[in-house]
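Peer 1:
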Ligand code: ATP
Ligand code: MG
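In our numbering, the protein residues as written are 364 to 501.
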């Protein structure tokens with residue numbers, strides 16, 4: 364089992380000034396930040412990142428949203444990182460997210476849901492490599 368996951372704080376949350384509070388939750392939950400940056404995805408890069416959802420009806424909306432503003436990307440380390448982080452962020456739709464989760468407290472809708480979290484160890488590695496060069500991690 365890998366101990367690495369990857370996250371992005373999405374444009375809705377950075378735009379509403381939630382970045383600091385969300386990073387605080389992540390650290391308090393026991394994740395160690397291994398890489399971190401504030402950046403903006405082009406539509407092309409956002410489309411590539413979410414290419415797995417290409418055939419879904421919400422793909423165009425998702426790409427437009429993810430390239431609409433700044434994001435904060437991070438590689439996080441913790442035992443059982445992928446599963447524990449998905450638990451910390453809550454369900455994709457904040458209306459179904461458990462109390463105390465990041466999406467419950469900071470997300471507005473299923474489309475604009477504040478944070479991304481990798482769904483597998485394999486994707487955590489792929490996504491971390493997509494956003495970070497070797498110079499940006501240690
Ligand atoms: P993420 O991959 O961003 O962590 P997730 O794994 O919880 O989210 P996915 O099924 O991978 O959910 O969907 C990716 C993203 O696509 C969601 O986070 C959300 O922003 C968007 N999305 C998913 N379902 C819908 C929908 N029904 N309508 C609009 N947007 C959606
Ligand atoms: Mg996903």
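For glycine and all other residues, C-beta sits at the position ideal for the given N, C-alpha and C.
I need the straight-line Cα distance from residue 446 to residue 480, nearest angstrom please.
Peer 2: Each residue's alpha carbon lies about 9 Å from the other.
Peer 1: What is the DSSP secondary structure of residue 440, counted as helix, strand or coil?
Peer 2: Strand at residue 440.
Peer 1: Who pairs with residue 402 in a beta bridge, going by DSSP?
Peer 2: In DSSP, residue 402 forms a bridge with 434.
Peer 1: Let me check understanding here. Comparing Cα to Cα, which of 437, 429, 405 lies closest to residue 394?
Peer 2: The option with the nearest alpha carbon to residue 394 is 437.
Peer 1: Report the rounded CA-to-CA distance for residue 432 versus residue 406, giving the unit in angstroms.
Peer 2: So the alpha carbons of these two residues sit roughly 11 Å apart.
Peer 1: For the beta strand (DSSP E) containing residue 372, name the first residue and the last one.
Peer 2: Its beta strand (DSSP E) spans residues 367-372.
Peer 1: Provide the residue span of the alpha helix (DSSP H) that contains residue 474, from first to last.
Peer 2: Residue 474 -> no alpha helix (DSSP H), and no H or E assigned at all.
Peer 1: Collect the residues with a C-beta less than 7 Å away from any heavy atom of the ligand MG and give them in sequence order along the chain.
Peer 2: Ordered along the chain, the selected set is 479, 482.
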